[in-house]
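In the order they appear, the protein sequences are chains L and D.
Heads up, the first sequence is in our numbering, so the first residue is 8 and it goes up one at a time.
Heads up, the second sequence is in our numbering, so the first residue is 8 and it goes up one at a time.
Structure, as C-alpha cells:
There are 2 protein chains.
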Amino acid sequence: MSKDAATPRMEKIVSLCKRRGFIFQSSEIYGGLNGFWDYGPLGAELKRNLRDTWWNAMMRQRDDVVPLDASIIMHPAVWKASGHVDTFCDPMSACKHCQKLVRSDQVWSILAEQPWVQSLAALSDISSQTFDSPGLLRWADRKGKEMAPNLALVRNPSVTLSGLAERSKTSRDHPLSAQEFTQYLATEQLAATALITPCPHCGGELTAPRPFNLMLRTHTGPIASDENVAYLRPETAQAIFVQFKNVYDSSRVRVPFGIGQIGKAFRNEITPRNYIFRSREFEQMELEFFIKPDEAIRLLHGSVSAWHEGADLTEPQPNWGWEMWHRYWVDQRTRYYAGIGLGSDVLDYHWQKPEELAHYARATVDILYKFPFGTEELEGIAARGNFDLTQHQKHSGKPLEVFDEELKAACANLTDEQKRTCIDEAYAERKNPETPRADVAEFWEKLFAGNYLPHVIEPSAGLDRLALAILAQAFDEEIVTDEKGKSETRTVLRFHPRVAPIKCAIFPLLKNRPELVAKAKEVVALLRPHLNIFYDEAGAIGRRYRRQDEAGTPFGLTIDFDTLGENGPEKKDTVTLRQRDSMQQERIAIAELRGWLLDKTS
Amino acid sequence: MSKDAATPRMEKIVSLCKRRGFIFQSSEIYGGLNGFWDYGPLGAELKRNLRDTWWNAMMRQRDDVVPLDASIIMHPAVWKASGHVDTFCDPMSACKHCQKLVRSDQVWSILAEQPWVQSLAALSDISSQTFDSPGLLRWADRKGKEMAPNLALVRNPSVTLSGLAERSKTSRDHPLSAQEFTQYLATEQLAATALITPCPHCGGELTAPRPFNLMLRTHTGPIASDENVAYLRPETAQAIFVQFKNVYDSSRVRVPFGIGQIGKAFRNEITPRNYIFRSREFEQMELEFFIKPDEAIRLLHGSVSAWHEGADLTEPQPNWGWEMWHRYWVDQRTRYYAGIGLGSDVLDYHWQKPEELAHYARATVDILYKFPFGTEELEGIAARGNFDLTQHQKHSGKPLEVFDEELKAACANLTDEQKRTCIDEAYAERKNPETPRADVAEFWEKLFAGNYLPHVIEPSAGLDRLALAILAQAFDEEIVTDEKGKSETRTVLRFHPRVAPIKCAIFPLLKNRPELVAKAKEVVALLRPHLNIFYDEAGAIGRRYRRQDEAGTPFGLTIDFDTLGENGPEKKDTVTLRQRDSMQQERIAIAELRGWLLDKTS
C-alpha cells in the first residue's frame, strides 16, 4: 500500500477509535502524555476479549500450560541476572542545538515524516541533481527559519548551497540520494567527509549514538536510595523464570509444560510511535514453554525428531527436540490468529538470520501483520535454550534444575564406556572452543542422574499491537445505497464475532410503544447473562444499525409488531436478526436466539 | 478470635497458599521484595474469577455502567489536581539509633508483634505494678542486647529501672498500662514528662512523625529531569474522572451512569503488612457512579427521595438523591459479596463519623471482613460530591459539565422570581459562610440552563484483599475417618463454585487401564470448552480427591468400570460425582454433566 493511501486510513482509524470510545490519549485534558493510551468502553471490552481468547487457547484448553500473575515491580537482581540492567538499551542521539533526543536507528524514518523534510524534497528534484538554488534560498529565508531553524542551510544558506553544488559536480557517477541531500543541507563543513544526520525537530547536528537504558526506574521503601532502586518490568517473561521452581513444585506439572502470563510492562521508548503500536506502557501475553534438552531426548528415545518440511505438528510427540517444539508453537500461534480474524493472507513471517539472533537464541521467528503504516511485528517466537534459567540459577544461587525419573531410569543401563562416549562426542562438537571438558562432563553426569535445566520456547505477543491489528483489519468503508436510492459511506468494523466488544444489539422498533420496549427488555434479560449486549431505543432503526456497524457489533435484533404477534401468529415471538457484514435480515425465534448467538460468538 | 488462635490459622493459610501455588513472595529466589506478591497457577485463576464476577455484576449485567482500561502512568498534573502530590501521605518516624523507618500510627500494633516486647511483657505483671527488677536486669543484660539493643533499659539498666520504680510509686491511682510501661523502658530521662515511643526494631528513640508521600515516582522520556517526573497511580479512580468527558461523549451514556475499572495501583507503604492485605503493588476494582446533584433532582421532580430505614433499594428511581444512591450501592455490593460466599455473618460495616470523613465526602461506609488478624476493610463506598470533577475542570481548564435536556426543559417555565428564590434559599443555607453570592448564583444559573457537574458515588474494592478474604473464608480443617477407621485431618478450601480456580477435576480410576484413561479424556474434551478442568491420573483415588480439596475444586468426577458398562448397562456412561464439601458421591450421566456443572458454577 502506498504511503498516501495508508496515512488517511490510519487517520480514519484513530479518529473512529476516539469518537466511538475505543482509545483515548492518556490524560488528554492535560495535553496528553507521550506514549501512554487509555482504552475506552469499547476498547476495554475488545482488549478483554483478546485476553480471554489467549488465556483460553494457551491455557484453559490445554493440559500442559498453567498461568502466573506476577508483580510488575520485582527485585532489581532479577534484571541484573537477565541482562536488562546492562544491555537493555536503544541507541540515542541528542541534538547539539535544540537538545532534543531521538532514537538513532529511527532518525531517518522519523525525518521522512517531518514537514520540513517533505517541504525541502518538494523543492528539489534530487534524482536529476538539479538544485534550484533560488528556491532553496527562499525556503531557507522564510519557511526554513520556522520549520528547521538549526539546519545549516537556514543558518548559512550560501555556504551550504555552494558546497552542495560543488559536491553534486564531483558525484556525477554516484547520484545523491534524498538522504545524502538532506545530510548535506544539515552541514556547513562540506569539505569534511563526515555527513551529518540532521535533527528531525530543528535540522541541527546530532551527537553520535550512545546507549540509553529503556527500563523505568523507581524506588520502593521510604528512602530513595541506590539500595532501594527498583524497575518497572520491561517484559513479563522474567517473572516466569524467577518463579519457575515455585510453580514446578506446587502444580504437578512435568516437562514439557508451559507457564503463561498476561500483564503490563513498561519501556521508556525514546520516540513512542505509530499510535498504540509502540508505547511506553503496554500489555504482553507471554508463554514460556519448558522442554527437555535435546540431549535428554536422545538418551530417552535414541534420537531426536527434527523438523522437516511437511512434518506433522498437530500432536506433540515425546521425541520432539527444540526445533519441532519451536515449529509447533509457530503453527499453534498461526492457528490462534486465524481464529480471531487474522488469516495467513494478512500475516507475514520473518525468520531471523543467524546474525540477527540474540547470542543465546537458537531460532526466532517474528509473526508480522500488515499494518497501514507498514508490516510490523505482532509476536516473536524464540527458542531461547536454557539461557534464562541458567542466569537466574547462577545469580540467585538457588538450584532451578528439575529431576526426571524416566531419564534417570533410561540412563541406569548405560555403561561407563557409553557415558564417556557421550561426553567425548559432546566435547568434540562443543560450539565454544574454550568450554572446558569438565563443564561438558558435569552437564552429562547430571543428565545421567536425571537432572537438567529445561530449555524454553517463548511465544511472546503484544496485546496492544494485536488490538491495533484487529482494529486495522476490521476497519472498512463501503458505499451503500438505501431504499430511497441515496448513497452514503458505511463505516463498519468487521470484527470476528469472538472478539467484538458487543456481541449483539437489541432494538425496540419504536421507543414510544411500551409493549415493544417491554418485549425488547425481555430479550435483553434473556441474553445478557451469556453475552455482552447493548440496548438502544433512540433514533431511526437505520441509524441505530449504523452506530452498531461502527462499534463492530456483529448482530442486531429488532423487536417489532410481528414479534408481538400483531400481524398473525406465525411471526409471534420472532425478531429481525440483522447481520453486520452482509446487512441481510432474517427472522429468528426468540427461543432459538441464545443457542444461535453463543454458537456464532464463542 | 484470640490472637493465639488467629496466628496459626493465618500461618496455615500462608503455608497452603505457597504449597499449592496460590501465592508466592515476589522474586523469592532473590530473597523476596517487601510488599510485592505473585499469584501462582491457582491464585491467578482465583483472581481472574474474582475480576470476572466484578466485571459481570458491575458492568455486563447492567445498562448503566461502562468500562475503562487506563494507563498506570498518567500526566503528573492529574495528581496535583487530585491532591495526591500534596496530601497523599502517611506519618513516618525514623529511629534515631538504627535509622529504620516506621509508620507512626502503626507503631504500637507493630510493637505488639515484636518478640522483644512479648518477652518483656512476660517478665512483668503490669496490672499489679510489681516490677521484677532482677528479672528485667537479667533480660537487659542477655536477651535484651540481642533483641532490642537500643532500648534504654538495655543501654543503662539501673537508671531506667530506678526511674520506673519511682514512677510506679507515684502512679498508684493511675496504673501503668503495658504501653506506658514499654514507653518508660525506652527512655532514660524519666524525670522528663515526655514518654518515648520505642522503635519496634531496636527499642531506640523515634523521631516525631513527618508526612511521607506514598506515590511511587519515576521519569518518562529520556531525561530524568523534574519536568519528566511521573507517578505510578496510587488509585485507579482518577483516570475515570480525567476521561469522564471522553467516555460521556463517545458512549451514549446519560447521567445517572457509571464507569468501572479494574487495574493495578501502587503505594509505597512504609510498612507493608498482613500478607497480601497491605502491599505496595495491588489491584483495585473501582466504580465511579455519576449522579445528578440533588438540586437538579428537585428542579426535575419537585423533591428528592431521601433514604429512610426500610427504603426500597432494589430498583433505582428518577427522584433519588445522593443518599439513596449511596445506600443503593452499599446494598448492591453486599449482594455481590453474598454471591461469592461472603455473607452478612462475616462482613461488618463502618459508617465513618463526620470527623473521620474527607472534607469533600458526604458519607463513607467501609465494608469490613473478619480476617484472622482482625476486622479490616474490603471496600469503601464514598459519596464524594463533585469534588474530583471540580478539581480536574479547574486544573485542566477543560469544561467537564454535562448538558441535561430534560433539566433545561423543566426549568424553562420557572419565573425569574422562582429562580431568585432558589438562589436566595441556597445562599441562606450555604455550608461555608464565606461563599460569595455570585458563586451560588452562577451554579444555579447553569442548572437552569441544564448544565452541571455530576456528583459521584464510589464503591472502591481491593482485589488482593478480596482474594485473601475468599481464601480465609474458604480455609477449613476437619477430622475425617476413612473406611478403615483411620482418622486424619482434611484440609479443604470451601470456595464458592463461582470463584473456585478449578471447577471440576476428572479422574480415571486407574491410570494403567487405557480404556479408562481414554474415556476420562473424552469427558475432559466434553467439558473443557466450558469450564476450567483439571485432569489427574496419578495416585490412589482418595489422595487425588484430597489434593483437589486443598485446591478448592468443588466437584470431582471418577471414570470407572461402571462407566464403561462392564457391570451392566444401567450404569454405562455414568460417572461418580464427588462433592468437595460433603464428600458425598453420586452417579450422574455423562450427558447431563455439562448442564449440571454450568448450573452450579455460574
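C-beta atoms are modelled at their ideal positions from N, C-alpha and C, and glycine is treated no differently.
Would the region 93 to 108 of chain L count as touching the region 56 to 63 of chain D if we require 3 or more Cβ pairs under 8 Å?
no
Which whole runs of the beta strand (DSSP E) in the region 248 to 291 of chain D are 3 residues long or more, in chain order?
264 to 273
Got a sec: is the Cβ-Cβ distance from aspartate 93/D to anything in chain L below 8 Å?
Looking up residue 93/D in the second sequence gives position 86. Chain L contact via Cβ: absent.
DSSP state of glutamate 316/L mapped onto helix, strand, coil
In the first sequence, counting from the first residue as 1, residue 316/L sits at position 309. Coil, per DSSP.
Assign aspartate 489/D to one of two classes, buried (16 or more other C-beta atoms within 10 Å of its C-beta) or exposed (fewer than that).
Here the question's residue 489/D lines up with position 482 in the second sequence. The residue in question, aspartate 489/D, is exposed, as its Cβ has fewer than 16 Cβ neighbours within 10 Å.
Would you say glycine 559/D lies against chain L (beta-carbon separation less than 8 Å)?
Along the second sequence, one-based indexing puts residue 559/D at 552. No, no contact with chain L.
Would you list, in chain order, the members of the region 379 to 411 of chain L that have their beta-carbon closer than 9 Å to a beta-carbon of chain D?
His399, Gln400, His402, Ser403, Gly404, Lys405, Leu407
N- and C-terminal bounds of the alpha helix (DSSP H) containing histidine 333/L
By 1-based counting over the first sequence, the position of residue 333/L is 326. Element bounds for histidine 333/L: 329 to 346.
Give me the Cα-Cα distance between tryptophan 44/L and alanine 77/D, rounded to the nearest whole angstrom.
For the purposes of this step, residue 44/L is taken as the residue at position 37 of the first sequence. For the purposes of this step, residue 77/D is taken as the residue at position 70 of the second sequence. The straight-line gap from Cα to Cα measures roughly 7 Å.
Can you say whether leucine 118/D is buried or exposed, counting buried as having 16 or more other CB atoms within 10 angstroms of its CB?
Numbered from its first residue, the second sequence carries residue 118/D at position 111. Burial call: buried.
Would you verify that the beta carbon of asparagine 3/D is, or is not, closer than 8 Å to some beta carbon of chain L?
No statement about residue 3/D is possible, as the shown extent of chain D runs from 8 to 609 and does not include it.
Would the region 436 to 447 of chain L count as touching the region 354 to 373 of chain L if we require 3 or more Cβ pairs under 8 Å?
no
For chain L, find out if any of its Cβ atoms is closer than 8 Å to the Cβ of histidine 82/D; answer yes or no.
Against the second sequence, residue 82/D aligns to sequence position 75. Closer than 8 Å: yes.
Locate the beta strand (DSSP E) running through cysteine 511/L, then write down its first and last residues.
By 1-based counting over the first sequence, the position of residue 511/L is 504. Run containing cysteine 511/L: 511 to 515, per the beta strand (DSSP E) assignment.
What I want to know is whether the C-beta of arginine 162/D ends up closer than 7 Å to one or more non-hydrogen atoms of the ligand GTP.
As far as ligands go, the structure on display features none, and thus does not contain the ligand GTP.
How about valine 311/D: is its C-beta nearer than 8 Å to some C-beta of chain L?
For the purposes of this step, residue 311/D is taken as the residue at position 304 of the second sequence. Chain L contact via Cβ: absent.
So does the region 322 to 339 of chain D actually touch the region 484 to 498 of chain D, counting three or more Cβ pairs closer than 8 Å?
no
So what does DSSP say about histidine 402/L, is it helix, strand or coil?
For the purposes of this step, residue 402/L is taken as residue 395 along the first sequence, with counting starting at 1. Residue state, collapsed to three classes: helix.
Considering just the uninterrupted stretch of the alpha helix (DSSP H) at aspartate 127/D, what are its terminal residues?
If you number the second sequence from 1, residue 127/D lands on position 120. Aspartate is not the amino acid found at residue 127/D; the sequence shown has leucine there. Here the alpha helix (DSSP H) through leucine 127/D covers 122 to 130.
Looking only at DSSP bridge pairs, what is threonine 488/D linked to?
As a first step, residue 488/D must be located in the second sequence, where it is residue number 481. Note: threonine 488/D sits in a beta bridge opposite Ser494/D.
DSSP has asparagine 220/D in a bridge; who is on the other side?
Taking the second sequence and counting its residues from 1, one reaches residue 220/D at position 213. In DSSP, asparagine 220/D forms a bridge with Cys96/D.
What did DSSP end up calling methionine 81/L once you bin it into helix, strand or coil?
Here residue 81/L is taken as the residue at index 74 of the first sequence, counted from 1. Correct three-state label for methionine 81/L: strand.
Does any residue of chain D have a CB that is nearer than 8 Å to the CB of arginine 67/L?
For this step, residue 67/L is matched to residue 60 along the first sequence. Cβ-Cβ to chain D under 8 Å: yes for arginine 67/L.
Would you call the region 313 to 333 of chain D in contact with the region 355 to 364 of chain D, where contact means no fewer than 3 C-beta pairs closer than 8 Å?
no
Would you give the residue range spanned by the beta strand (DSSP E) that glutamine 592/L belongs to?
Your numbering for residue 592/L matches position 585 in the first sequence. Here the beta strand (DSSP E) through glutamine 592/L covers 592 to 596.
Can you look up phenylalanine 562/L in the DSSP assignment and give me helix, strand or coil?
Along the first sequence, read from residue 1 onward, the residue named residue 562/L stands at position 555. DSSP places phenylalanine 562/L in strand when its eight states are reduced to three.
Are the CB atoms of alanine 244/D and glutamate 295/D nearer to each other than 8 Å?
Taking the second sequence and counting its residues from 1, the one referred to as residue 244/D is at position 237. Taking the second sequence and counting its residues from 1, the one referred to as residue 295/D is at position 288. Contact flag set, yes.
Beta-carbon neighbours of valine 254/D, restricted to chain L and to distances below 9 Å
As a position in the second sequence, residue 254/D is number 247, starting the count at 1. Going along chain L in sequence order, the residues near valine 254/D (Cβ under 9 Å) are Gly28, Phe31, Gly47, Pro48.
Between the region 269 to 279 of chain L and the region 299 to 307 of chain L, do three or more beta carbon pairs fall short of 8 Å?
no
What do you reckon, are the CB atoms on valine 260/D and histidine 399/D nearer than 8 Å?
Reading the second sequence from its first residue, position 253 is the one you call residue 260/D. Reading the second sequence from its first residue, position 392 is the one you call residue 399/D. Taking 8 Å as the Cβ cut-off, valine 260/D and histidine 399/D do not qualify as a contacting pair.
CA-CA distance, phenylalanine 29/D and isoleucine 477/D?
Numbered from 1 along the second sequence, position 22 holds the residue referred to as residue 29/D. Numbered from 1 along the second sequence, position 470 holds the residue referred to as residue 477/D. So the alpha carbons of these two residues sit roughly 12 Å apart.
Secondary structure, beta strand (DSSP E): runs of 3+ residues fully inside the region 403 to 467 of chain L:
none
Alpha carbon to alpha carbon, what distance is there between proline 229/L and lysine 87/L?
Mapped onto the first sequence, residue 87/L falls at position 80. Mapped onto the first sequence, residue 229/L falls at position 222. Spanning the two alpha carbons is a distance of roughly 23 Å.
Tell me where the beta strand (DSSP E) around leucine 364/L begins and ends.
As a working mapping, residue 364/L is identified with position 357 in the first sequence. That residue, leucine 364/L, is in no beta strand (DSSP E); it is neither H nor E in DSSP.
Integer Cβ distance of leucine 1/D from leucine 460/D, believed to fall under 8 Å:
Here chain D comprises residues numbered 8 to 609, so residue 1/D is not present and cannot be evaluated.
Within the 8 Å Cβ cut-off, does isoleucine 70/L reach chain D?
By 1-based counting over the first sequence, the position of residue 70/L is 63. The question names isoleucine, but residue 70/L in the sequence shown is aspartate. Answer yes: the Cβ-Cβ gap between aspartate 70/L and chain D drops below 8 Å somewhere.
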